[in-house]
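Residues 1 to 148, numbered by the working numbering, are exactly what the sequence shown covers, in order.
Idealized CB from N, CA, C, for every residue including glycine.
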Amino acid sequence: MPSPPAISRLLLGSALACCLPACVTLPWKKDAPAEETPAAVAPALPPMQLPVGTIHHIDTAGKFVLIRSTRFLQIEPGTALSVVDDQGVTVARLEVSPARKGRFLTADIASGVPLAGQHTIMAYTASTANAPAAGLESSGADDIQVLE
């Protein structure tokens, strides 16, 4: 079968080029304007709601509750907790006390009226990936760690 003449190939090639989407040349990184630091650019993450446990006992005279934790969490004394009802509406605020025994921890009632069986949650804000871990200082050089 004879090949199409050169003019037909040229017309077919130009028609095909017109139908294709346009390509854009991306600028080189060295030509791009100076970027801001990643910590300044990253938006603040909303706090996550972590379940802590359920209210096991309420002492209204002492204004504290006993919470049975569903997991073993290291919650610092003074941490704020929220008590939510079955619909997820916050009904009370608590403040964790230092006293704890096994899976049970105590919390002072800051506001509201908690009931036995209601769930407690804690607002947890994840640290950014660029922030050094607690207790580790940055050397100022590249933060590359080699594990062997």
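Residues bridged to residue i [DSSP beta-bridge criterion]
i: L50; result: M122
i: A107; result: V65 and V96
i: H56; result: Answer is none; H56 lacks a bridge partner.
i: L73; result: BP columns for L73 are empty, so no partner.
i: T90; result: V84
i: G112; result: A92
Same chain only: Cβ atoms within 8 Å of residue i, ignoring 5 sequence neighbours per side
i: E76; result: V96
i: V91; result: V83, V84, D85, G112, V113, P114, L115 and Q118
i: F104; result: H56, L66, I67, R68 and S69
i: R100; result: T106
With 16 other Cβ atoms within 10 Å as the buried cut-off, status of residue i
i: P98; result: exposed
i: L94; result: buried
i: P114; result: buried
i: V65; result: buried
i: L81; result: buried
i: G53; result: buried
i: A107; result: buried
i: I109; result: buried
7 Å Cβ shell around residue i - same chain, five flanking residues per side excluded
i: P51; result: T70, H119 and I121
i: K63; result: D108 and I109
i: P5; result: none
Close beta carbons around residue i, own chain, < 6 Å, minus the five adjacent residues each side
i: T79; result: V96
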